[in-house]
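Some notes on the structure that comes next.
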Amino acid sequence: MVNEDVCSYKRAGFFDSKIRKLFQNPNKILSPYIDKGMNVLDLGCGPGFFTLEMANLVGESGKVVAADLQEEMLVKVENKIKNNHLKEIIKLHKTQKDSIGLSEKFDFILIFYMLHEVSNKRKFLGELKNLLKNEGKILIIEPKGHVSKENFEKSVRLIKEEGFKTSKGAKIFYSYSIALEKIAD
């Protein structure tokens with residue numbers, strides 16, 4: 059399900075810089091979607107740039123699953139949380155190339171700059187739908203330049219075919235964004 063061109067953990071420092079927060083502020087992006095007590099998934103969490111803010115937003119009554127294909131990325135997140143209260147909120151999960159491998163239900167799922175790495179998007183979207191609670195939301199963000207407008211629109215058509223309700227996503231510098239909602243069964 060994942061292409062061979064997954065962004066390497068060796069570039070994690072770039073994805074975790076203070077400068078990035080000026081253009082992609084995690085609180086500003088996520089706070090419209092996440093409330094206290096929610097169960098949320100940071101899929102393709104990388105070094106945890108969004109994971110930590112997700113944990114702050116859900117609070118002690120919530121839970122964050124930080125999931126990534128690369129064990130090295132999960133180690134980076136683990137190192138950030140091992141000496142603070144966030145380790146009680148954040149659970150680490152290693153995905154497989156062809157499966158997310160989770161069965162619990164989530165109120166919110168973040169997919170930041172990784173949908174283009176998925177080779178079988180239809181299967182992936184089906185798995186996401188199964189992970190989402192009724193009326194749960196997904197925020198998908200893709201990088202302009204790396205992903206063409208045509209390819210993003212193709213993904214949006216597929217998303218709609220899979221039965222998600224779509225709306226405008228967060229406004230993020232040099233990025234495409236779409237919010238999805240699971241329609242109640």
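Quick note: the sequence shown uses this note's numbering, first residue 59, plus one each step. All residues carry an ideal CB built from backbone N, CA and C; glycine is no exception.
Proximity of the stretch 93-104 to the stretch 155-165 meets the contact definition, three or more beta-carbon pairs being nearer than 8 Å.
Counting only the Cα atoms, His143 lies some 36 Å from Lys223.
If you draw a straight line from the Cα of Tyr232 to the Cα of Ser213, it is about 18 Å long.
Under the criterion of beta carbons closer than 8 Å, Phe108 and Leu168 qualify as touching, at roughly 6 Å.
Annotation note: the stretch 173-225 contains the following uninterrupted alpha helix (DSSP H) runs of length 4 or greater, listed N- to C-terminal: 179-189, 207-219. Taking C-beta atoms under 8 Å as the contact rule, Gly120 and Ile147 qualify, at a distance of about 7 Å. Distances from the alpha-carbon of Tyr234 to those of Lys76, Ile77, Gln82 put Gln82 closest.
Per DSSP, the unbroken alpha helix (DSSP H) holding Asn114 starts and ends at 109-116. Annotation: the continuous beta strand (DSSP E) that includes Asn97 extends over 97-101. Of the candidates Met112, Lys179, Ile217, Met112 places its Cα closest to the Cα of Val123.
Taking Gly194 as the centre and dropping the five residues before and after it, the same chain places the C-beta of Lys163, Phe164, Asp165, Phe166, Ile167, Glu239, Lys240 closer than 8 Å to its C-beta, in chain order.
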